[in-house]
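Below is one structure, written out as C-alpha cells, with a few remarks after it.
Protein chains in written order, with this note's numbering: chain G, 214 to 327; chain C, 194 to 735.
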C-alpha cells in the first residue's frame, strides 16, 4: 500500500510539474491541479497510513492512541483542498481574461517567434 | 463573561475582516462610504497595533520583552492555534498600518474608481498580512498567506489592461506553486516532529533523532523556498519587477510590504527553529540566506542601472532592500550578533516606507497632459462602467507641482541610497558597524556584503538621479496637474522617514531589544507553551 501511494503521489507530482512548465495556460492550470492533488495526498500520508482505524476518539476515559488514525492531517487536507479549489477557480478567471485580452492562450500573452 | 484586554491581540485581524465584509454590502457606486469605512478600519488597526507595540515593550521585570498570546478557542498550546505578539510582530503590524493609511488616501484621488472592489480587497489584504505577522502556528500561517495572496491577486489586476493581466497570470502561477511547496514543507515538518506550533517545534528540534532531523531539514528547506519566492530572492525573483511595475500605484506601494512578509517569516522561523539552541540543526540554511541575499542585492543593483523606467527601477529597489535584509539575517544566524540584526530591522522599516513613497510618486511624475482623465475614460470604457461614473477630477491641484514633486523625489532618493541625514543612512551604518565588528566563519562573505551594500547605495543614487534629471530638468512639456490628495500621502510617508531619523535613538534601542529577543527563542517558546487557558485561570480564581 505504501508503494501504491508513493507511486501515485510521484506520478501526479511529476505530471503536474511537467504541465506547469508547458507554454499553454490551460496546461499550466491542469498541471497546478495535478500538483495540488499530489500535495493533498502527501499531507494525508504524513499522518502515517492506518487501516480501518477511526480518527475521532471517544469522550473521556484513557484510550490507546495506536488504535486511532491521526486526525490532524485529515483536518489539514480538508482545508488545503478547499483553498486550492478556490484559488484554482480564481486562476481560471484570470486565464480566461488573459485569453480574451491578448487573443492567445500562450502564457506570455504572445506566440513565440520561431 | 468579562472582556479581558487580551482580546486586543486579535483586533488587527478582526477589524479589517469586518470592515471588508461590511463593504461588500455597499453598492459599488458608494465609494465614499467605503473609503470612510476603510479609513476608520485602518486607523483603528493602527491604534490597536501601537497599543500592542507599547505593551510588548514590557517592563523592567520582564527584561523589556513582553510576549502576549491569544489562545484561539481556549485550546491549550501546543494543541490549538495560538496568536503571539512580541516586539518583532508588533513592529511589523505598526508598519503595515502606517503604510496602509497613505495608500488608502492616495487611492481616493482616483485609483479606486478604476475597477471594482478596491476597498474590500485592500482590507482583506491587511487582514492576511496582520494574521501572518501574528500567528504562531505553521498551518495557520499558510491560511493567512492564502488570504493575503488571494486579495493581492485581485489588487494586482485592479484597473485591468493587457499588461496587468499578463503580469497577474505569472504572479498567480508562481504564487500558487509557492503555496503548494509551503504545504509540502508544513506537512513534512508535521510528519517529522508531530507538531505545527512554532514554539513547540523550537523546543523539539534539539532532541530530534537523526532520521527525523533529516526530514525536518528537508521540510524546512522546501517551506523556505515558498517564503523566499515571496521575498524575491535571486533566482526566484524574475516575476517580481514585472508584477510590481504593472500594479496600480497604490497597489504597488502596498506590495512594498509583501516581500517583507516573506522576510519576516524567514526571520521568525529560522531563529526559532535553527537558532543557537537547536543542537545539530543550529545555523541550518544560513549560507543559503547569505548567498541568496548577496546575489539578490547584486541582481537588483544591475537591474537599477539597466532600468529605463522608474517603475522597473523601483521594483529592483525592492529586491535590493529584501536581499540586504535576507543576507544580514543569514549572517546573524551564523553568529554576527545583535548589532547587525538591529541595523537590518531599522533598514527594513526605512526602506519599506521609502520604496512605498517612490511607488506613489511614479504615476504623478510620468503623467502626461490630461493623463488621469484620459486613463479614466479608457478604463471606464474597457470595464463597461457607467458613463456618468467617469467624473472629472475632483480636489485641489497643487501649485508649484514640479518643485514639490522634485523635493519629495530627492528625499526618497536620499533615504533609499542611504545618504545622511535620512533614516536609510542610520540603518546601513548600523548593519555595517555590526558586520565589521563581527567574527564570521567566512570573513570574505562579510566583506562582500559590506561592498555590495555600499555599491547598491551608489547604484541607487546614479539610477534615481538620472531619472530625476530626465523628469525635472530635461523636460519641455507642461508640468502635470497633481492633486493634493495624491501628493499628500507621499509627503506623509516622507515625514515618517523624517520622524524615524529624529527618533533614531529610541527606534534603534527598540530594534536592539527586538534583535536580542529574536536571538533568544527559548523565551518565546516557554512564554507560548506556558500560556494559561482562560478557564483554568477562572477556576483558580474561584
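For glycine and all other residues, C-beta sits at the position ideal for the given N, C-alpha and C.
For the stretch 255-270 of chain G, residues whose beta-carbon sits nearer than 7 Å to a beta-carbon of chain C comprise 255, 256 and 259. Using a CB distance cut-off of 7 Å, residue 304 of chain G counts as an interface residue toward chain C.
Around residue 367 of chain C, the same chain offers 422 and 432 as residues with beta carbons nearer than 7 Å, after the five sequence neighbours per side are excluded. At a cut-off of 7 Å between beta carbons, residue 365 of chain C contacts chain G.
Beyond the five residues adjoining it in sequence on each side, residue 385 of chain C comes within less than 7 Å, by CB distance, of 405, 408, 409 and 412 in the same chain, given in chain order. Using a Cβ-Cβ cut-off of 7 Å, residue 291 of chain G does not count as an interface residue toward chain C, since no Cβ of chain C sits closer than that to its own. At a cut-off of 7 Å, the C-beta of residue 377 of chain C has a neighbouring C-beta in chain G.
Listed in chain order, the positions of the stretch 414-441 of chain C with a beta carbon within less than 8 Å of a beta carbon of chain G would be empty, since no residue qualifies. Assignment of alpha helix (DSSP H) within the stretch 262-309 of chain G, counting only whole runs of 4 or more residues, yields no such run. With 16 or more other Cβ atoms from the protein chains shown falling within 10 Å of its own Cβ, residue 398 of chain C counts as buried. Residue 214 of chain G is classed as exposed because its beta carbon has fewer than 16 other beta carbons within 10 Å across all chains shown. The beta carbon of residue 312 of chain G lies closer than 8 Å to those of 238 and 318 in the same chain, with the five residues before and after it left out. With a cutoff of 7 Å on beta-carbon distance, residue 278 of chain C and residue 266 of chain C are scored as not near each other.
Using a Cβ-Cβ cut-off of 7 Å, residue 359 of chain C counts as an interface residue toward chain G, since at least one Cβ of chain G sits closer than that to its own. Secondary structure at residue 540 of chain C: helix, using DSSP grouped into helix, strand and coil. Classified as exposed, residue 298 of chain G has fewer than 16 neighbouring CB atoms from the shown chains inside 10 Å of its CB.
Residue pairing by DSSP places residue 237 of chain G opposite G:319 in a beta bridge. By the neighbour-count criterion, in which a residue is buried when 16 or more other Cβ atoms sit within 10 angstroms of its Cβ, residue 229 of chain C is exposed. Of all alpha-carbon atoms in C:510, C:370 and C:634, the one lying nearest the alpha-carbon of residue 525 of chain C is that of C:634.
Under the rule that a run must span 4 or more residues, the alpha helix (DSSP H) segments found entirely inside the stretch 671-712 of chain C read 677-695 and 697-711. By the Cβ criterion, the stretch 379-395 of chain C is not in contact with the stretch 425-444 of chain C, since fewer than three pairs of Cβ atoms, one from each stretch, lie closer than 8 Å. Within chain C, the residues placing a beta-carbon under 9 Å from that of residue 241 of chain G are 362 and 366, ordered along the chain. Per DSSP, reduced to three states, the secondary structure at residue 350 of chain C is coil, with no helix or strand assignment.
In this structure, DSSP gives residue 598 of chain C a helical state, which the three-state scheme calls helix. With the rule of 3 Cβ pairs closer than 8 Å, the stretch 507-518 of chain C counts as touching the stretch 432-452 of chain C. Note on geometry: alpha-carbon atoms of residue 493 of chain C and residue 464 of chain C lie some 26 Å from one another. Residues of chain C whose Cβ lies closer than 7 Å to the Cβ of residue 224 of chain G do not exist; the shortest such Cβ separation is about 16 Å.
When Cβ-Cβ separations below 7 Å define contact, residue 380 of chain C makes contact with chain G. Ranked by Cα distance from residue 308 of chain G, the first of C:334, C:390, C:239 and C:360 is C:360. Taking C-beta atoms as the reference points, residue 419 of chain C and residue 452 of chain C fail to come closer than 7 Å. Judged by DSSP in its simplified three-state form, residue 315 of chain C adopts helix. Annotation: residue 329 of chain C is outside any alpha helix (DSSP H) and is labelled neither H nor E by DSSP. Taking 7 Å as the cut-off, the beta carbon of residue 390 of chain C is found closer than this to the beta carbon of residue 330 of chain C. Taking a Cβ-Cβ threshold of 8 Å, the residues of chain G close to residue 336 of chain C are 292 and 296, in chain order. Between residue 521 of chain C and residue 621 of chain C, the alpha-carbon positions lie close to 11 Å from each other. Counting along the chain, the unbroken beta strand (DSSP E) around residue 278 of chain C starts and ends at 275-278.
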